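Each residue of the sequence shown is one higher than the one before, starting from 6 at the first, in the numbering used here. To start, the structure itself, in structure tokens.
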Amino acid sequence: MKNVQVSRLSMLLVGLSLTVMTVSPGATVINDIFKVAEQINAQAKISQVKIDATTEQTRELYADYKVVLKEIEGLQVYNRQLERQIAVQEREMRELAASIDRVTEVERQVMPLMLRMIEGIDQFVGLDIPFRIDERRERIERLRTIMDRADVAVSEKFSQVLGAYQIENEYGRTLEAYSDTITLNGSDIIVDLLKVGRVALVWQSKDREITGWWNRQSKRYEEIDESDYATSVSRGIKMARKQLTAGLFAVPVIAPES
Numbered sequence: 006m007k008n009v010q011v012s013r014l015s016m017l018l019v020g021l022s023l024t025v026m027t028v029s030p031g032a033t034v035i036n037d038i039f040k041v042a043e044q045i046n047a048q049a050k051i052s053q054v055k056i057d058a059t060t061e062q063t064r065e066l067y068a069d070y071k072v073v074l075k076e077i078e079g080l081q082v083y084n085r086q087l088e089r090q091i092a093v094q095e096r097e098m099r100e101l102a103a104s105i106d107r108v109t110e111v112e113r114q115v116m117p118l119m120l121r122m123i124e125g126i127d128q129f130v131g132l133d134i135p136f137r138i139d140e141r142r143e144r145i146e147r148l149r150t151i152m153d154r155a156d157v158a159v160s161e162k163f164s165q166v167l168g169a170y171q172i173e174n175e176y177g178r179t180l181e182a183y184s185d186t187i188t189l190n191g192s193d194i195i196v197d198l199l200k201v202g203r204v205a206l207v208w209q210s211k212d213r214e215i216t217g218w219w220n221r222q223s224k225r226y227e228e229i230d231e232s233d234y235a236t237s238v239s240r241g242i243k244m245a246r247k248q249l250t251a252g253l254f255a256v257p258v259i260a261p262e263s
């Protein structure tokens with residue numbers, strides 16, 4: 006009887022063991038499936054994050070691309086404008102080069118002209134009545150010096166020469182009195198000189214005892230014998246110095262010859 010009960014208990018234990026063995030493998034498979042599903046979901050989330058990041062980066066790149074396209078379009082317009090400007094500048098450079106060639110040719114013609122003008126004014130001063138002779142000679146020497154200077158433009162040189170001619174031209178229309186030293190009969194004396202245009206150059210000693218003139222024919226300073234000229238020359242000197250109201254006064258001149 007005991008043996009039968011033991012056998013039944015053994016069979017029961019074996020059955021329980023088989024049941025446990027049957028249930029345990031199934032639960033393990035389910036757990037593995039859940040784990041795999043969780044891993045797949047985790048990887049899907051990671052992939053989705055990467056996809057979202059890639060999408061955002063793509064949008065940013067596309068936006069940058071459109072900005073670059075606009076910049077390229079602007080640069081193309083700017084380059085076309087620069088090409089037109091360069092074409093204009095090249096044309097201006099060609100015209101400037103041609104102008105420089107013409108200026109060089111003009112300079113070659115103007116320089117001899119200016120030198121002749123300086124020689125002409127030098128001869129004119131030598132033949133003219135000798136008023137302010139030192140000042141006028143110095144002006145001519147300055148012109149000669151300027152002609153030899155490479156740092157002075159040709160236009161400035163020509164302006165200086167014309168200026169000297171204008172000054173000489175003005176001398177013929179002015180009444181001027183100044184003090185200077187003249188040579189009279191071999192002696193130097195300080196006198197008041199009165200220039201009446203280019204009509205006459207008269208003088209008077211400081212004490213007004215001697216009155217004279219520049220004789221164009223003899224080309225020297227001489228005394229005037231007529232006493233009437235002393236008062237007249239004195240009046241002219243005062244008028245030139247604005248010390249007397251303008252009026253008439255007499256000066257000796259050489260009558261023109263037939």
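Beta carbons: idealized from backbone N, C-alpha and C, even for Gly. All figures in this text were calculated on a predicted structure; none of them were measured in a lab.
Query                                                                                                                                                                           : Result
Quick one: using the 10 Å Cβ neighbour count with 16 as the cut-off for buried, is F129 buried or exposed?                                                                      : exposed
Have a look at the DSSP bridge pairing and note the partners of Q209.                                                                                                           : D197, T216
Do you know offhand how far L74's Cα is from E100's?                                                                                                                            : 39 Å
Hey, Y234 and I187 are a contact pair by Cβ (cut 8 Å); roughly how many whole angstroms apart?                                                                                  : Not really, about 16 Å apart at Cβ, beyond 8 Å.
Determine the closest residue to S237 out of F163, I229, V256, with distance taken between C-alpha atoms.                                                                       : V256
Specify whether the stretch 174 to 191 and the stretch 236 to 250 touch according to this definition: at least 3 beta carbon pairs, one from each stretch, less than 8 Å apart. : yes
Taking only three categories from DSSP, how would you classify E231?                                                                                                            : coil
What does the Cβ neighbour count give for T63, buried or exposed, with the cut at 16 atoms within 10 Å?                                                                         : exposed
S270 to R142, Cα distance in whole Å?                                                                                                                                           : Only positions 6 to 263 of the chain appear in the structure, and residue 270 is not among them; the question remains open.
Going straight from the alpha carbon of S52 to that of N46, what length do you get?                                                                                             : 10 Å
Please list the terminal residues of the continuous beta strand (DSSP E) segment that includes T179.                                                                            : It is not in any beta strand (DSSP E) - T179 carries neither H nor E in the DSSP assignment.
Skipping 5 residues on each side, what residues in its chain have a beta carbon closer than 7 Å to that of K162?                                                                : M119, I151, M152
I'd like the list of long-range same chain contacts for I259, defined as Cβ closer than 7 Å, with 5 residues on each side in sequence excluded.                                 : R221, Q222
Just the Cα atoms here: how many angstroms apart are M98 and Q86?                                                                                                               : 18 Å
The alpha helix (DSSP H) spanning R142 covers which residue range?                                                                                                              : 138 to 152
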